[in-house]
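In the working numbering, the protein residues as written are 157 to 282.
For glycine and all other residues, C-beta sits at the position ideal for the given N, C-alpha and C.
This is how it looks when you write it as C-alpha cells:
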C-alpha cells in the first residue's frame, strides 16, 4: 500500500510540473501584458500624445512613432521576466516588440507582435 501511495505522489508531482508554463512562456506573457497596459494608457487620447503616454508605462520603450491615416502607429519594446525553474533564483528575460495603431475614434489598440527595429528608444519631454 505504501509503495502505491509513493508512486501516486510521484506521478502527481510529474503531472503537476507538466501543467506549469515554461519560463519562456511566463516571461513572454508578462511582456504581452506590458504591451496591453501601454495600449490601455493611450486609448482615447490624442495620437500626438501616444508616444509619450506609452513611454510612461513601466517596462515599455517606444522605438518608433509614425503618423498614419487618422492616427499614429507606435512600435514598442517590452520585456518580461520569469524564474528559470521553481528552485532557481536565476531569471530569464524575454524582450518583445509590438505595434499599436492609435486613433482617437477607436477603442484601445490591439498590440500586434512585430520584429524589433534597431536603434535606441525615443525620448519624450514631460
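For residue i, which of helix, strand or coil comes out of DSSP?
| i | result |
| --- | --- |
| residue 181 | helix |
| residue 198 | helix |
| residue 171 | Confidence in residue 171 is poor, its pLDDT being 48 and thus under 50, which makes the residue's placement unreliable; the coordinate value appears in the next sentence. Correct three-state label for residue 171: helix. |
| residue 277 | coil |
| residue 189 | helix |
| residue 203 | helix |
| residue 217 | strand |
Going along the chain, which residues of its own chain have a beta-carbon closer than 6 Å to the beta-carbon of residue i, five neighbours each way excluded?
| i | result |
| --- | --- |
| residue 213 | 193, 194 and 197 |
| residue 182 | 238 |
Looking at residue j and residue i, is the spacing between their C-beta atoms short of 8 Å?
| i | j | result |
| --- | --- | --- |
| residue 206 | residue 228 | yes |
| residue 202 | residue 267 | no |
| residue 199 | residue 254 | no |
Please go through the same chain and pick out, in chain order, the residues whose beta-carbon is closer than 7 Å to the beta-carbon of residue i, but skip the five residues on each side of it.
| i | result |
| --- | --- |
| residue 262 | none |
| residue 235 | 187, 215, 249, 250 and 251 |
| residue 218 | 207, 210, 211, 230, 232, 277 and 278 |
| residue 185 | 236 |
| residue 126 | Outside the shown range of the chain (157 to 282) lies residue 126, about which nothing can therefore be said. |
Who are the Cβ neighbours of residue i in its own chain at under 8 Å, not counting the five residues just before and after it?
| i | result |
| --- | --- |
| residue 224 | 257 |
Ignoring anything shorter than 3 residues, give me the beta strand (DSSP E) runs that lie fully in the region 228-271, in order along the chain.
247-258 and 268-270
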